[in-house]
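In what follows, a single structure is set out as structure tokens and then discussed.
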Amino acid sequence: MREVHLDFLEQAFIYHKDDSQWQLTLKRSDVASQTLEELVLLDLHHPLFLEQTTVFDDDDITFTYALPKDGLSYEAVKKRLMSERLRLALNLLDLEQALSLPVTFFLHPENLFITKDQQLKIAYRGLPEIMVPSQMDRPDFVKQAKCFIISLFTEHDFLALYNGALDVVELPDFLKALRPLQTVAELRSELETSYRQRLQQEGESLVLVNKSRHKLYKYASIWLTAGLIMLLLPLAYLVFVRNPFKEKMLEADTAFIKLDYSGVIDKLKDVDLGSLPYTQKYELAYAYIQVLKLSDDQRQIILNNVSLKSDELYLDYWIESGRERNDEAIDIAKRLDDSDLIIYGLVQKIQEVRNDDSLSGSEREEELGTLQSEYEKYWEDRQTSLNDGDDAKAAASEQDSSQTAASKEE
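Going left to right, the sequence shown walks through residues 1 to 410 as the UniProt record's numbering numbers them.
Here is the structure:
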């Protein structure tokens, strides 16, 4: 495993890298927040970012990034043809789209993963104002992009360029032309011009392929076409199902960060409970508890039991209850063997039956009777359990008193 240490904006970033994953460790003091629960929002699913999981203890926060297969190292890319490096530089500018997301990031080569088709994915991302960098705007994106591109074609270090050398180092003409540019569009235009020129120069030096090799390429193309057709259905699934699903999860994450609980509920209302990832279950359960008709004390007691370590069934219960699927909520409460949740679910079910205009009078009366009996049973069981607990405490107290008295007599 390779260790990488860099300092960006006076903060230390320590990466541990191997072929399957990267790990980044930060000190808890590097995050200007009293609670770290919100860090899970950085585990967002987006094509511009590596998939991330987060763990933390009393001292450190560790982000783990899963790597796509067959990625390219930055050192290997620097040895490629100039046209390929220009293509990578153009792909880097596509990361501008990430500026619209509620996270910050930076473009140091060690923080970017290069896929086998030379697309770039961001590893570390932070929460605005509480993590480094505290802000990320377009002028800073342009500056960092210039530093990355220049380091790609020269031996100049990204951090040295970013910290002041960008304006003074000697550069080839095609890189020197980037220095005064102020926007991503201007950078893209200049790079595209250089790319076309270099591609033409390299194309003029291509070697002719003999007839037998051409025949081989022809048959390979046929098989490739057949393979592409076979991939059509999985690709359609990816484009029309999987990607929209990920986008919906990202929109829910964004709404949660903004404390827009109604927005979270709206974004996830059509998503089946079994399809929701754990993080979004936590967000949705939390959102429903915020909007349910509860007293402040009730809401706080419930929220004390809702965290990213909660039993998944507990989160499922509040989602089903919030969606007014009371039968399912009661069933989950029984599986949890939680009398308080069962009683709350029965109260909601009784209210549902009372408001159900599709029931006849006799049907409503019969169903309410059944529910009321069940409610009374669980309420009595709950009271008995509480009384038994009080009796046990009283007995223990009496025994302690007796032992104390006996000791004094001795």
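The beta-carbon is built from N, C-alpha and C at its ideal position, and this holds for glycine as well.
Nearest to residue i by CA position, among the options, is which residue?
i, options, result
"L259", "K269, E283, P244 and T279", "E283"
"L273", "A145, I319 and L92", "I319"
"Q348", "L39, I229 and L292", "L292"
"L50", "K121, K146 and L199", "K121"
"L86", "G71, V31, F153 and L101", "F153"
"S321", "I265, S151, E376 and Q300", "I265"
"L368", "K377, R354 and S358", "R354"
"G164", "R325, Q144, D173 and L341", "Q144"
"D173", "E186, Q182, E190 and L159", "E190"
"R382", "L341, L228, I332 and P180", "L341"
"L336", "D327, L359 and D311", "D311"
"M131", "K69, L39 and E202", "L39"
"K116", "T25, L95, F105 and P68", "P68"
"Y27", "L41, F56 and L166", "Residue identity differs from the one stated: residue 27 is Lys in this sequence, not Tyr. Minimum Cα distance to K27 is reached at F56."
"F158", "F106, R196 and E186", "F106"
"L81", "Y278, S205, Q21 and K267", "S205"
Which residue or residues does DSSP assign as beta-bridge partners of residue i?
i, result
"G126", "T104"
"D60", "K27"
"W22", "K17 and Y65"
"Q52", "Y65"
"D7", "A12"
"G114", "Checking the sequence, you will find Ile at residue 114 rather than Gly. Note: I114 sits in a beta bridge opposite L72 and L120."
By how many angstroms is the C-alpha of residue j removed from the C-alpha of residue i?
i, j, result
"Q280", "Y288", "12 Å"
"V184", "D137", "12 Å"
"G345", "L72", "54 Å"
"R198", "S83", "6 Å"
"I350", "I343", "10 Å"
"L36", "G126", "12 Å"
"L88", "V77", "9 Å"
"V168", "K17", "33 Å"
"D316", "A329", "8 Å"
"E155", "I149", "11 Å"
"Y124", "L92", "16 Å"
"P133", "D7", "12 Å"
"R188", "K146", "11 Å"
"K377", "N326", "18 Å"
"L175", "P139", "18 Å"
"L216", "L224", "12 Å"
"E202", "L90", "18 Å"
"Y261", "L250", "14 Å"
"T370", "E380", "16 Å"
Run the CB neighbour count on residue i, radius 10 Å, all protein chains shown included, and call it buried at 16 or more, exposed below.
i, result
"P109", "buried"
"L112", "buried"
"N243", "exposed"
"V103", "buried"
"A226", "exposed"
"M1", "exposed"
"L9", "exposed"
"residue 438", "One cannot answer for residue 438 here, as it falls past the ends of the chain, which runs 1 to 410."
"V31", "buried"
"I229", "exposed"
"Q34", "exposed"
"A66", "exposed"
"L208", "For L208, the predicted model reports a pLDDT of 46, less than 50, meaning its position is unreliable; a value from the coordinates is still stated below. L208 should be labelled exposed."
Fully enclosed by the region 331-383, which alpha helix (DSSP H) runs are 4 residues long or longer? The qualifying runs are 339-354.
Could you name each continuous alpha helix (DSSP H) segment of 4 residues or more that falls completely within the region 274-327, going from the start of the chain to the end? Counting whole runs of 4 or more residues, the region 274-327 contains the alpha helix (DSSP H) stretches 278-291, 296-303 and 312-322.
Enumerate, from N- to C-terminal direction, the unbroken beta strand (DSSP E) stretches of 3 or more residues contained entirely within the region 162-191. Runs found: none.
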